[in-house]
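> Residue 1 is where the sequence shown starts when you use full-length UniProt numbering, and the numbers rise one by one after that.
Backbone N, C-alpha and C fix where the C-beta goes; we use that ideal spot for every residue, glycine too.
Please find one structure pasted underneath; my questions will follow.
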Amino acid sequence: MKGQLLNALIKISAEINSTMELDTLLPDIVKITGDYLKVRNASIMLIDWDTLTINCYTGRSPHHNSLSVKQGIIGDVAGTGTEYIVNKKQNSKFSKSYLALPLKAGSKILGVFNLTDKDEDYFNDDEVSIARYIASQCALAIERHNIYNKMRANENLQAIGLLKSSVAHDISNLLAIADVYLGLMEEEVDKSSSMYEYVKAVKSEMKRISILATDMLDLSKDKLVLHKTKFKITELVNELKLYSEAFSKNSNAKVDFIVKSDDEIVADKNRLFRVFFNLLNNAGDAAKENGRIVLSIKRTGKDISFLVADDGKGIRKEDLGKLFQPFYTSGKIKGTGLGLAVVHDIIEAHSGTIRVRSTLGAYTCFLIRIPKDG
1 MKGQLLNALI KISAEINSTM ELDTLLPDIV KITGDYLKVR NASIMLIDWD
51 TLTINCYTGR SPHHNSLSVK QGIIGDVAGT GTEYIVNKKQ NSKFSKSYLA
101 LPLKAGSKIL GVFNLTDKDE DYFNDDEVSI ARYIASQCAL AIERHNIYNK
151 MRANENLQAI GLLKSSVAHD ISNLLAIADV YLGLMEEEVD KSSSMYEYVK
201 AVKSEMKRIS ILATDMLDLS KDKLVLHKTK FKITELVNEL KLYSEAFSKN
251 SNAKVDFIVK SDDEIVADKN RLFRVFFNLL NNAGDAAKEN GRIVLSIKRT
301 GKDISFLVAD DGKGIRKEDL GKLFQPFYTS GKIKGTGLGL AVVHDIIEAH
351 SGTIRVRSTL GAYTCFLIRI PKDG
């Protein structure tokens, strides 16, 4: 018996040390454990949020592939971390013998190891202790797998960050060269000709690309470094007005700039331009045909308040909390999902606040406040 136990534990240890892949490791552990303890049915269920899902099993097919944590005996084991043992002597309603052990790494519960219908009818104390030990080793292997995957994900994110930074720099450099040539064309072309309108349209699209490249660059940094200067609010508005046609080209919406403050503000002007370019551009995509887009600015105590609104599609309530996550696009076809994430980071770097209100099918409104004196 001791030789069989030692052999089983050596096999399990060898499996754990030979692979990080749970899809290979856990079925092998279940089979080795089931064979040693002589149970007809064995399974491992893992927790994913608030659901327990079968990862692997031997013997009879489980009645349920998944169930909620705290649902039934297995769910209760997953929810409380308390093992459950039933033997035929104690309660004949259950299988002849039943052992449900929590898979725990420290205080974290990862799943449940189920062992059912032992050939000799019930588990003795030694077998329960052995099963507990195997469950603990199984949990450590699962946790090691999770940590390994997180490390790989972090390495990938770092690599992606470096790639984004490199690509963004290259794009910015190419755009700078193209912008010089477009400037020369703009000087040469008759301002009343259609060619002049084409040049303006190309410059507008290049501005979008430039802002996207800079957004990528900012997202690849751990922290935004602001370059603050003092400037009048109207200077920022006048720069944005140059792109009114670009903001409304997809909807023919009217773009209104309502400026109730000519105060000076201490801020990073280029980044604030990107904030409102992104918001107005999104508003233009969302606005209804021949609708309205508004940028309203006023002084509020020691802050400058900005409002960007459109009368378009609106945003679902369940999506509002996710808007500022990188790459989240709220189901829209256009866009990368970078813009609002960068908007949020820039406002936060200015010690400001940004809130969004929306009613599906009616409107969306972004409310921003930034300290006037930086």
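1) Should the segment 221-239 be called in touch with the segment 256-265, which here means at least 3 C-beta pairs below 8 Å?
2) Can you name the residues that DSSP bridges to N114?
3) Please classify K332 as buried or exposed, where buried requires at least 16 other C-beta atoms within 10 Å of its C-beta.
4) Let me know the secondary structure DSSP gives A362 once reduced to three states.
5) Sort out for me which residues DSSP pairs E264 with in a bridge.
6) Please report the distance separating the alpha-carbon of E124 from that of R40.
7) Threshold first: 4 residues or longer. Then list the alpha helix (DSSP H) segments lying entirely within the segment 49-79, N to C.
8) Going by DSSP, what residue range makes up the beta strand (DSSP E) through I346?
9) Relative to the C-alpha of I297, which residue among L226, V225, L307 is closest?
10) Indicate the three-state DSSP secondary structure (helix, strand or coil) for F273 in the structure shown.
11) Where C138 and Q71 are concerned, what is the direct C-alpha to C-alpha distance, given to the nearest angstrom?
12) Decide yes or no for the touch test of the segment 308-317 against the segment 338-348: beta carbon pairs closer than 8 Å, at least 3 of them.
13) Mapping the DSSP letters down to three states, classify R355 as helix, strand or coil.
14) Following the continuous beta strand (DSSP E) through T300, name the residue where it begins and the one where it ends.
15) Once DSSP output is grouped into helix, strand and coil, what is the label at I315?
16) Rounding to the nearest angstrom, what Cα-Cα distance links L103 and V275 in this structure?
17) Do you know how far the Cα of E15 is from the Cα of L5?
18) Leaving out the 5 sequence neighbours to the left and right, which residues in its chain are closer than 6 Å to G59 when beta-carbon positions are compared?
19) Mapping the DSSP letters down to three states, classify A287 as helix, strand or coil.
20) Roughly how many angstroms lie between the CA atoms of K11 and W49, to the nearest whole one?
21) Are the C-beta of V189 and some C-beta of chain B separated by less than 8 Å?
22) State the Cα-Cα distance for the pair Y196 and V356, rounded to the nearest angstrom.
23) Would you tell me roughly how many angstroms separate the C-alpha atoms of E187 and I177, rounded to the nearest one?
24) Along the chain, where does the beta strand (DSSP E) containing V255 start, and where does it finish?
25) Return helix, strand or coil for L367, following the three-state DSSP convention.
26) In whole angstroms, give me the CA-to-CA distance for S244 and V255.
27) Roughly how many whole angstroms lie between the Cα atoms of A349 and R299?
28) Look at F247 and I209 and say whether their C-beta atoms are less than 8 Å apart.
29) Give every residue of the same chain whose Cβ lies closer than 6 Å to the Cβ of L295, excluding the five residues on either side of it in the sequence, and list them in chain order.
30) Mapping the DSSP letters down to three states, classify D218 as helix, strand or coil.
31) How far does the beta strand (DSSP E) with S192 in it reach, from first residue to last?
32) Considering just the uninterrupted stretch of the beta strand (DSSP E) at F306, what are its terminal residues?
This is what the structure holds:
1) The segment 221-239 makes contact with the segment 256-265: 3 or more CB pairs, one atom from each, lie closer than 8 Å.
2) S43, A100
3) Low confidence applies here, because K332 scores a pLDDT of 48, under 50, leaving its location unreliable; read the following figure in that light. Looking at its Cβ environment, which holds fewer than 16 other Cβ atoms inside 10 Å, K332 is exposed.
4) coil
5) K232
6) A quick correction: the sequence has Asn, not Glu, at residue 124. So the two alpha carbons sit approximately 16 Å from each other.
7) Counting only runs of 4+ residues, no alpha helix (DSSP H) is found wholly inside the segment 49-79.
8) Per DSSP, I346 belongs to no beta strand (DSSP E); it is in the alpha helix (DSSP H), 339-349.
9) L307
10) helix
11) The C-alpha of C138 lies about 23 Å from the C-alpha of Q71.
12) no
13) strand
14) 292-300
15) coil
16) 47 Å
17) In a straight line, the C-alpha of L5 is about 15 Å away from that of E15.
18) R40, N41
19) Coil.
20) 31 Å
21) Absent from the structure is chain B; it holds one protein chain and no more.
22) 38 Å
23) 16 Å
24) 254-259
25) strand
26) 6 Å
27) 20 Å
28) no
29) F257, V308
30) helix
31) Looking at the DSSP string, S192 is not in any beta strand (DSSP E), and its letter there is neither H nor E.
32) 303-310
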